[in-house]
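What follows is a single structure, written as structure tokens, with notes after it.
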Amino acid sequence: MHLPRGIAMALGATSLMAFASPFLAEIPAARAAVAEAGAGAAHPDMWPTRTATVARDPAVERRVDALIAAMSLEQKVGQIIQADIASVTPDDVYHYHLGSVLNGGNSDPGGRYNAPAKDWLAAADAFYAASMKPDGKLPRIPVMWGSDAVHGHNNVVGATLFPHNIGLGAARNPDLVRRIGAATAIEMRVTGLDWTFAPTLAVVRDDRWGRTYEGFGETPEIAASYAAPLIEGLQGRIGDKDWLRGPHIIATAKHFLGDGGTAGGKDQGDARMPEAQLRDLFSPPYLPALDAGVQSVMVSFSSWNGAKMHGNGSLLTGVMKERWNFDGFLVGDWNGHGQVAGCTTTDCPQSAIAGLDMYMAPDSWKELYRTTLAHARDGTLPVTRLDDAVRRILRVKVRAGLFEAGKPSSRPYGGQFDLLGSREHRALAREAVRESLVLLKNAGGLLPLKPGANVLVAGDGADNLTKQTGGWTLSWQGTGTKRSDFPNAQSIWEGIDADVRAAGGSATLAVDGHYVRKPDVAIVVFGEDPYAEFQGDRPDVGYDDAKNLALLRSLKAAGVPTVAVFLSGRAMWVNPFLNASDAFVAAWLPGSEGGGVADVLFGKADFRGKLPYSWPRSSDQTDVNVGDADYDPLFPYGFGLTFADKGDLAPVPEERANAAAADPGLLFAAGKPGKGRSLLLGAPGALSTNPGPDLIEARAADRAAQEDSVRLRWTGAGPAVAAIVQDTPVDLSRQANGDLALELELKVDAPPSAGVSLLMGCGARCAGGFPIRPVLAEAAKTGKWTRIAVPLRCFEKAGVDMTRVETPLSLATSGTLDLILSAARIVSPSGPQLACK
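Note that the sequence shown covers residues 8 to 844 in the working numbering.
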């Protein structure tokens with residue numbers, strides 16, 4: 008599926024209220040609001056004091072003073088704004104004096120998710136050159152480039168991909184993460200980047216959170232033990248000549264504060280708890296991070312007792328800067344300032360006043376620059392606060408030697424592309440995989456396996472680098488990649504095959520488990536598909552996978568000893584899979600070196616990993632944490648067998664505690680609306696499930712399977728609407744801020760004879776959308792299945808209140824139209840999107 012040539016058009020928003028209001032008014036509004044747990048204001052005197060470990064260098068401070076004195080107000084405002092490379096050019100950096108750029112999860116040089124490393128370096132050179140281009144008497148200030156290198160330099164093809172943090176947490180090895188940080192820094196230097204948005208120091212308390220795998224564990228102890236060595240690996244040691252330069256880069260501790268403690272594990276949600284709990288449970292990893300000299304701290308999207316962190320001066324200034332003496336800079340998260348009360352993504356002096364030093368304004372930067380400049384001129388943003396933010400940013404740039412470093416390709420390691428995925432770095436990643444694996448069951452001592460055996464390797468994760476590497480890999484959600492995107496990697500199957508062949512055995516790959524000669528043992532690799540924030544949030548922690556469960560059971564029935572290798576970004580309820588396996592290995596998201604799994608399965612190394620998260624006993628045990636009063640997991644925090652341990656496990660109950668709740672992103676699929684949604688048709692103000700065929704009719708249609716789609720036919724006899732309606736309103740503000748899109752898969756059999764509107768509704772007199780007749784007319788010409796994606800932020804710009812969406816999709820026309828709708832989802836788009844003006 009693709010967007011047909013010519014459909015990549017710009018949409019002009021329209022409120023369309025005259026047409027939309029009658030039917031939107033029918034949809035019931037929300038009946039209750041969640042009471043907030045408090046004011047969200049910290050008392051800094053409750054927090055520990057800290058003495059700064061990075062001594063102020065008088066020469067650095069004098070240089071910064073001189074720069075600030077020579078800068079224009081426009082330069083100062085530019086320094087505190089960061090733009091995404093998908094929405095900014097080098098010429099913009101020059102004209103707006105921008106202090107930083109970033110590449111978001113789906114932003115790459117040239118818009119190619121698999122752009123080669125040389126393109127990254129060329130882009131880094133171009134942005135740097137723009138920042139250093141003479142501009143009268145104004146001082147030249149080098150731009151910084153930040154990137155989410157969260158498990159290696161994971162945005163770049165060929166880079167070494169280390170296990171995600173959940174696996175490193177299982178390893179319990181601070182020296183290992185130090186070396187990983189150092190390797191990541193070098194690979195970033197190869198492509199000219201000088202700043203990573205890592206490490207994540209979240210303490211994760213509810214495994215429904217889609218970013219669980221970014222946390223090292225459910226208690227502060229692992230993150231606190233890792234913070235300093237990992238940051239020193241990335242940045243170098245304070246006082247060394249290569250601190251922040253040479254093979255090292257600038258690190259970021261994130262997300263401050265309480266991101267892993269939100270109610271229900273909701274991404275960007277609210278951590279509702281007393282101040283002492285916020286302090287004692289979530290802040291400990293930040294102190295060793297500051298002691299190690301981390302130069303930037305990223306502010307969390309989330310709230311604490313109803314107050315958004317991006318506007319919480321009591322924590323950003325009162326605790327981080329004054330109580331803890333942090334003299335680096337606080338950077339925001341993706342348009343997070345726009346969620347502060349009274350703010351929008353393009354106008355928010357409140358965040359800077361609260362203590363934010365750099366706005367991450369990926370696509371909102373230009374208008375934010377204009378409004379912030381106006382606020383600086385009229386005093387709304389005090390010049391003392393602006394100068395303090397600029398001072399902190401310049402201090403880091405001077406400390407990192409950016410003023411003298413020259414263009415990125417001329418710096419140490421720049422352009423040494425053979426260091427991406429080097430033999431040394433891959434060996435380190437393989438070591439990390441070995442140490443991350445946790446053995447949960449080993450009935451009859453099946454493991455270690457004999458490499459000389461006849462081995463069957465099955466399951467859809469066995470030879471699947473996309474699944475093995477997880478989210479934040481080449482794309483934001485880690486999806487849409489192919490084997491050729493991982494030239495230096497080894498799948499789990501490839502690692503097993505190499506070990507078995509070297510020992511004189513035989514290995515066969517059969518994803519479906521089919522075999523001709525009965526194997527001595529079967530290894531079945533399966534688990535979660537890739538995801539990142541938003542899309543990774545779940546209603547529970549139950550794992551459902553009928554195909555691989557049936558495969559395990561069939562092998563067991565045939566008398567084949569079976570090892571389950573489970574790929575996941577969290578601990579999950581897998582009781583039926585445990586019962587159907589002789590041995591069960593939690594492999595997490597191991598990254599590019601599948602050979603590390605083979606090493607342990609065949610006894611080259613013993614299991615060392617210990618659970619960083621308690622393993623749930625039931626599918627609704629979503630927030631089981633060591634120390635809880637009613638603590639009763641299936642496997643406790645810290646559990647992990649070795650070959651020497653007795654690994655038998657009595658059968659465990661297989662009944663699911665509850666069915667999974669509605670998928671918030673699924674609007675229509677498999678021929679029916681998603682759970683909690685209805686398809687309504689008819690004239691405006693008279694929608695129903697069965698309106699009669701006079702104006703519009705819906706009939707089942709086939710695409711890949713029988714009746715897996717719906718055919719919608721407008722007769723042209725009068726205005727008519729087809730709408731997906733919520734049972735209760737939903738809050739899509741996080742998804743809009745997170746760059747998700749409304750994605751449709753459809754085929755147009757007869758083009759529209761009149762204008763067609765694509766709408767979202769948010770209650771009475773609240774709607775917005777776009778005329779899409781040209782899009783559908785172009786699709787009709789091809790006669791093929793077409794994918795159309797519209798960013799949610801476009802609907803927000805068109806007037807939709809994304810906090811209370813009642814109609815996430817409606818199509819309206821007064822003319823004739825005949826189309827087949829196969830799917831409608833709210834997703835991270837996998838291809839081109841329609842642009843909104």
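Ideal Cβ placement from N, Cα and C applies to all residues, glycine included.
Nothing here was measured: the structure is a model prediction, and the numbers come from that model.
Look at Glu225 here: in three-state DSSP terms it is coil, with no helix or strand label. The Cβ atoms of Ala231 and Pro170 lie no closer than 9 Å to each other. Counting of Cβ neighbours within 10 angstroms places Lys315 among the buried residues, the total reaching 16 or more. The beta carbon of Gly466 sits closer than 6 Å to those of Val531, Val532, Phe533, Asn555, all from its chain and outside the five residues before and after it, given in chain order.
For Asn110, the uninterrupted beta strand (DSSP E) run begins and ends at 107 to 110, by DSSP.
Along the length of the stretch 558 to 616, whole beta strand (DSSP E) runs at least 3 residues long occupy 569 to 574, 590 to 595, reported in chain order. A residue is called buried when at least 16 other Cβ atoms come within 10 angstroms of its Cβ; Tyr638 does not meet this threshold and is exposed. In the same chain as Asn665, and ignoring 5 residues on each side of it, the C-beta atoms closer than 6 Å to its own belong to Asp627, in chain order. Contact annotation: the stretch 275 to 287 does not touch the stretch 422 to 438, with fewer than three C-beta pairs closer than 8 Å. Across the structure, Gly320 and Ser79 are spaced so that their CA atoms are roughly 27 Å apart.
In this structure, Gly188 places its C-beta atom within 9 Å of the C-beta atom of Glu239. Runs of the alpha helix (DSSP H) spanning 4 or more residues and lying entirely within the stretch 753 to 838 occur at 780 to 789, 799 to 804, in chain order. Take the alpha-carbon of Pro97 and the one of Trp595: they are about 39 Å apart.
Rounded to the nearest angstrom, the gap between the Cα atoms of His50 and Asp266 is 19 Å. About 19 Å separates the beta carbon of Gln89 from that of Met327, a gap too long to meet the 8 Å contact definition. Distances from the alpha-carbon of Val812 to those of Asp825, Gly647, Arg741, Glu68 put Arg741 closest. Shown here, Ala189 sits in a helix according to DSSP, grouped into three states. Across the structure, Ala612 and Ala439 are spaced so that their CA atoms are roughly 12 Å apart. According to the DSSP assignment, His382 belongs to the alpha helix (DSSP H) that extends over 372 to 385. Between the alpha carbons of Leu702 and Thr696 lies a distance of about 13 Å. Using a Cβ-Cβ distance cut-off of 8 Å, the stretch 479 to 488 and the stretch 112 to 122 are in contact, since at least three pairs of beta carbons, one from each stretch, lie closer than that value. The beta carbons of Lys404 and Ile148 sit closer together than 9 Å. Between Pro254 and Arg196, the gap from beta carbon to beta carbon is short of 9 Å. Setting aside the 5 residues that flank it on each side, Ala690 is surrounded in the same chain by Leu702, Gly725, Pro726, Ala727, each with a C-beta closer than 7 Å to its C-beta; the list follows chain order.
Apart from the 5 residues on each side of it in sequence, Glu501 sits with its Cβ closer than 8 Å to the Cβ of Asp470, Gly601, Gly602 in its chain, given in chain order. In the three-state DSSP reduction, Leu719 falls in the strand class (E or B). Counting every other CB atom within 10 Å of its CB across the protein chains shown gives Gly143 a total below 16, marking it as exposed. Note that the stretch 57 to 71 does not touch the stretch 125 to 137; fewer than 3 beta-carbon pairs, one per stretch, sit closer than 8 Å. Between Ala124 and Leu427, the gap from beta carbon to beta carbon is short of 9 Å. Counted as a single uninterrupted DSSP element, the stretch harbouring Met53 is not any alpha helix (DSSP H), since DSSP gives it neither H nor E. Counting every other CB atom within 10 Å of its CB across the protein chains shown gives Ala748 a total of 16 or more, marking it as buried. In terms of Cα proximity to Ala136, the closest of His344, Gly451, His104 is His104.
Straight through space, the alpha carbons of Ala436 and Ala564 are spaced by roughly 37 Å. With respect to the C-alpha of Cys769, the residue from Pro759, Pro815, Gly790, Leu559 having the closest C-alpha is Pro815.
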